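Structure, as structure tokens:
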Amino acid sequence: MKIARFSHGETISFGIVDEEEHELVVLKADPMFAGYEPTGERVALADAKLLAPVIPRSKVVAVGRNYREHAEEMGGEAPAEPLLFLKPNTSVIGPGDAIVLPPESAQVEFEGELAVVIGRVARRVSEADAESVIFGYTIANDVTARDLQRRDGQWTRAKGFDTFCPLGPLIETDVDLANGEITTSVNGTRHQHGRFADMVHSVAKIVSYASDVFTLLPGDVILTGTPAGVGTIVDGDSVEVAVSGLGSLVNPVREAPAR
1 MKIARFSHGE TISFGIVDEE EHELVVLKAD PMFAGYEPTG ERVALADAKL
51 LAPVIPRSKV VAVGRNYREH AEEMGGEAPA EPLLFLKPNT SVIGPGDAIV
101 LPPESAQVEF EGELAVVIGR VARRVSEADA ESVIFGYTIA NDVTARDLQR
151 RDGQWTRAKG FDTFCPLGPL IETDVDLANG EITTSVNGTR HQHGRFADMV
201 HSVAKIVSYA SDVFTLLPGD VILTGTPAGV GTIVDGDSVE VAVSGLGSLV
251 NPVREAPAR
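Structure below.
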């Protein structure tokens, strides 16, 4: 099932995507908390603006160097345990929103990733039970100021600027993790390609490990790592991250306006 958060007119709503009719079945409330009760209204997909499918109430948890080839291109080995860091929820934007290049950085890079959306409170969840706390999956771009990451020696500033966490366009409740693939393209040229089966740490492992560190809350998002091929983006670029079964997340890149 594909779920959208969208605006239509003056209203922001949630809906189930009817792919055959190219429509959104409007729901009465956020299905993560209120279930899938429809209002009886339908909205044509062409008439809706898709928004970030979730705005984390608490946090975005991310995993670094979770594909071996990406760890190598960053100059190291894949960590024996998931390497966790946080992105603020103020970094989240939706499909079509601009990634804004901050003046503090001269090397902003894309990192296409599969994202997990947590659906219920989770604390010290086993790998076997991890699926039970997952609401669904979406696409993410873990935008990174690479020069600041190197300079700071830790990742908070480099990963945390406003607009540095595009999410969308939809949440899919059922993703084929065994056979799923992800690609990232800039201006139509493919730079990244990875298979979820090649992750060093599986989705179940990541969810379990993160829940041992901090309580995961409904709406929290976990970014599962990026494959090799990251690269710099500049003003005027268009970045597309595509995931099998989930569609594609496209965001333009813009310089920050002058103060």
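Residue numbers for the sequence shown follow full-length UniProt numbering, so the first one is 1 and each next one is one higher. We treat Cβ as the ideally placed atom computed from N, Cα and C, and that holds for glycine. Fair warning: this is a prediction, and the values are worked out from it, not measured in the lab.
{"Asked": "So, does the segment 231 to 238 touch the segment 69 to 77, judging by three or more C-beta pairs under 8 Å?", "Found": "no"}
{"Asked": "Does DSSP classify residue 18 as helix, strand or coil?", "Found": "strand"}
{"Asked": "Enumerate in chain order the residues of its own chain whose CB-to-CB distance from residue 237 is below 7 Å, with the five nearest sequence positions on each side excluded.", "Found": "186, 187 and 253"}
{"Asked": "Check whether the segment 191 to 198 touches the segment 207 to 219, taking contact to mean three or more Cβ pairs, one atom from each stretch, closer than 8 Å.", "Found": "no"}
{"Asked": "Please report the residue range of the beta strand (DSSP E) in which residue 42 lies.", "Found": "38 to 44"}
{"Asked": "Within the chosen definition, does the segment 82 to 89 reach the segment 241 to 253 through at least 3 CB pairs nearer than 8 Å?", "Found": "no"}
{"Asked": "Please classify residue 164 as buried or exposed, where buried requires at least 16 other C-beta atoms within 10 Å of its C-beta.", "Found": "buried"}
{"Asked": "For residue 76, which residues does DSSP report across the bridge?", "Found": "Answer is none; residue 76 lacks a bridge partner."}
{"Asked": "Between the segment 203 to 217 and the segment 99 to 110, do at least 3 Cβ pairs fall closer than 8 Å?", "Found": "no"}
{"Asked": "Which ranges would you report for the beta strand (DSSP E) in the segment 73 to 131 if only whole runs of at least 3 residues count?", "Found": "83 to 87, 99 to 101, 108 to 110 and 112 to 118"}
{"Asked": "With DSSP as the reference, label residue 2 as helix, strand or coil.", "Found": "strand"}
{"Asked": "Could you give the residue range of the alpha helix (DSSP H) that holds residue 27?", "Found": "Here residue 27 belongs to no alpha helix (DSSP H); instead the beta strand (DSSP E) covers 23 to 27."}
{"Asked": "For residue 191, which three-state DSSP category applies?", "Found": "strand"}
{"Asked": "Taking residue 235 as the reference, which of 223, 249 and 257 has the closest Cα?", "Found": "257"}
{"Asked": "To the nearest angstrom, report how far apart residue 98 and residue 128 are at their CA atoms.", "Found": "38 Å"}
{"Asked": "Closer than 6 Å by C-beta to residue 120: which residues in its own chain qualify, once you throw out the five before and the five after it? Chain order, please.", "Found": "133 and 218"}
{"Asked": "What does a CB cutoff of less than 8 Å around residue 21 pick up in its chain, not counting 5 residues either side in sequence?", "Found": "42"}
{"Asked": "Buried or exposed for residue 141, going by 16 or more other Cβ atoms inside 10 Å?", "Found": "buried"}
{"Asked": "If I measure Cβ to Cβ from residue 45 and keep anything under 8 Å in the same chain, skipping five residues before and after, which residues do I get?", "Found": "17, 22, 23 and 24"}
{"Asked": "If residue 224 sits next to residue 63, beta carbons under 8 Å apart, how far is it from one beta carbon to the other, in whole angstroms?", "Found": "6 Å"}
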